[in-house]
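*Asks:* Right, I'll just put the structure down here and ask away after.
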Amino acid sequence: MAVAKATWIRAWAAVMLLMLFVPGALAESSPPVVHFTLGSSTQGRVIEGVRIGSGPRKLALIGNTHGGPEANTYELVKQLATYFEAHPGDVPAGIRLDIVPTINPDGLALGTRQNANGVDLNRNMDTSADSCPENDWQHVVEGAYGIVSPTGGPYPESEVESRIVRDFLLDANAVVFFHSNAGVVFPACDHQPSITLAKIFADGAHYSFIPKWNKYAITGGMHDWAGGLGIAAITPELVTGDQPEYEQNLGGVQALLKVGAPLLPSPQEHREGGLPVQPVIWRAWKTWGAQALFGQPLEPPRRTADGWSQLFERARFEYRPAQSDSTSVVQLALLGRDSVGRAAPAVSADPNARFFSETGHNLAAPFADYWQTNGGLPMFGLPLTEAETSAESDPPRLRQVFERGVLEQGSNGHIALLPLGRQLWAQGDMHTPTSGVQAR
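To convert, note that position 89 of the sequence shown is 89 in our numbering; the numbers rise steadily by one, no gaps.
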């Protein structure tokens, strides 16, 4: 009897210990939940999201590209965010789930399909990297209800919202763009990983899978931009135009999470000019302007303390994985600032130019349009000098130094980045790669 009692006491003590310590251990192992801000819209409204998990594969859920007319996708993705914040354990260890309820807060507030500039954000991307020329960006575009309008933007990725999406997804493995209303799911053009995920989502959400949107031409679409860079991209179209259809789409997302990381494709290494390019850096190089803007790589990628770095003829690209919850996961190094040491003395504001009080310098013709069209402040940084004729070139040429590069106007009027990367390479201290040159 005494032995039985002792056994019972030990069992009871074990249960008490589990009740005391296991809940804490489970809480400690729950995936992290992190809120982040990506930037601001044309009218200054915040674009923000939440990340659940910290796995190596990034799956993004993007809602409300088309503002007021598709406000149900905003409500849907907000509800998905609320669910996964409350149930972070639903996100597998190998995945981090990034959820952004709207990328068009201006259109949502104004009740318009387009952003505040009148541009359809899902017609504004550079889709030339995929194998489907019929979806390439156009200024005049087709849309819902048979409407044809000049709403593709003045040039690809002209809008701040488009650039936020582009730069945020550079390191993504897969992305879901929610739209309404057709009750179907379709993939990026001719991209097998996207096709696979679209079928899985359609089964989970009880929508119909279609291999391609067939009601009208989508040019400059976000899904095709992503697929062209190797990001699995799908577009679920909700059945209704006013209901979030939460349960159905939660089922679709859970179906993707259930198959897990193996079906979320990793960024692939590419070779340019005979050299390997780190996969995420390649995406940035390709979508930001490729050889025409930055030239070819001059060395293999290098491991750094916080990521990867790779030198090209006109820029050095830096990839920092810890910045994944931002639009700065890839940036150009401060080669312009390094070339001058510090900003030139400040000048007065020119009424015919854009003045930057941070450095006390103006931006005007002939460099202003090039600077803005090719990425603006995030790409080139602040001006550190005025536009000045340089005696270093023969014949002398007009130059302006920015934080991340130097713009030069040639004798034929052509503007390009000065080859600061090649100048560094020629100095001789860049010829020996550091350890870990294999891009992963």
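No residue lacks a Cβ here, since even glycine has one placed at the ideal position from N, Cα and C.
For the beta strand (DSSP E) containing Tyr319, name the first residue and the last one.
*Replies:* 316-319
*Asks:* What do you get for Pro32, buried or exposed, if any count of 16 or more other CB atoms within 10 angstroms of its CB means buried?
*Replies:* exposed
*Asks:* Between which residues of its own chain and Ala144 is the CB-CB distance below 6 angstroms, once the five residues before and five after are set aside?
*Replies:* none
*Asks:* As an exercise, report each continuous beta strand (DSSP E) stretch of at least 3 residues that is fully enclosed by the stretch 88-143, in chain order.
*Replies:* 95-100
*Asks:* Look at the alpha carbon of Pro244 and the alpha carbon of Pro301, and state the distance between them as a whole number of angstroms.
*Replies:* 44 angstroms
*Asks:* Grouping DSSP H, G and I as helix and E and B as strand, with all else coil, what is Leu311?
*Replies:* strand
*Asks:* For Glu408 and Ile164, I'd like the C-alpha separation in whole angstroms.
*Replies:* 27 angstroms
*Asks:* Tell me Glu48's beta-bridge partners as DSSP assigns them.
*Replies:* Thr37
*Asks:* Does Asn362 come out as helix, strand or coil in the three-state DSSP assignment?
*Replies:* strand
*Asks:* Only counting the same chain, and skipping five residues up and downstream in sequence, which positions put a Cβ closer than 6 angstroms to that of Thr389?
*Replies:* Pro396, Leu398
*Asks:* Roughly how many whole angstroms lie between the Cα atoms of Ala51 and Asp98?
*Replies:* Note that residue 51 is Arg in the sequence shown here, rather than Ala. Distance between the alpha carbons of Arg51 and Asp98: 4 angstroms.
*Asks:* Express the C-alpha separation of Thr82 and Thr62 in angstroms, rounding to a whole number.
*Replies:* It is worth fixing the name first, because residue 62 is Ile in this sequence and not Thr. Going by the C-alpha atoms only, they are around 14 angstroms apart.
*Asks:* Shortest alpha-carbon distance to Gln248 belongs to which of Ile200, Pro262, Gly94, Thr385?
*Replies:* Considering only alpha carbons, the answer is Ile200.
*Asks:* Measure how close the beta-carbons of Arg314 and Leu420 come, nearest whole angstrom, since I'm counting them as under 8 angstroms.
*Replies:* 7 angstroms
*Asks:* On the DSSP letters alone, give me the boundaries of the alpha helix (DSSP H) that Ala182 sits inside.
*Replies:* For Ala182, there is no enclosing alpha helix (DSSP H), as DSSP gives it neither H nor E.
*Asks:* Between which two residues does the beta strand (DSSP E) holding Phe367 run?
*Replies:* No beta strand (DSSP E) holds Phe367; DSSP gives it neither H nor E.
*Asks:* Pairing CB atoms from the stretch 135-153 with CB atoms from the stretch 39-47, are three or more of them under 8 angstroms?
*Replies:* no
*Asks:* Cutting at 6 angstroms between CB atoms, please list the residues of its own chain near Pro321, excluding the five before and the five after it.
*Replies:* Gly307
*Asks:* Out of curiosity, what's the CA-to-CA distance linking Val253 and Gly204?
*Replies:* 8 angstroms
*Asks:* Using only alpha-carbon positions, find the residue among Cys132, Gln138, Ile234 that is nearest to Val119.
*Replies:* Gln138
*Asks:* Return the residue from the list Ala344, Tyr319, Glu48 that minimises the CA-CA distance to Val329.
*Replies:* Tyr319
*Asks:* Could you check the C-alpha separation between Ala198 and Leu424 for me, to the nearest Å?
*Replies:* Distance from the CA of Ala198 to the CA of Leu424, rounded to the nearest whole angstrom, comes to 46 angstroms.
*Asks:* Give the DSSP-derived three-state secondary structure of Ile218 in the structure shown.
*Replies:* coil
*Asks:* On a Cα-Cα basis, can you pick out the residue from Ala86, Gly260, His87, Glu358 that is closest to Gly94?
*Replies:* Considering only alpha carbons, the answer is Gly260.
*Asks:* So Leu169 packs on Ala284, CB below 8 angstroms; how close in whole Å?
*Replies:* That pair is no contact at about 11 angstroms.
*Asks:* Which value, in whole angstroms, describes the spacing of the CA atoms of Leu382 and Ser357?
*Replies:* 10 angstroms
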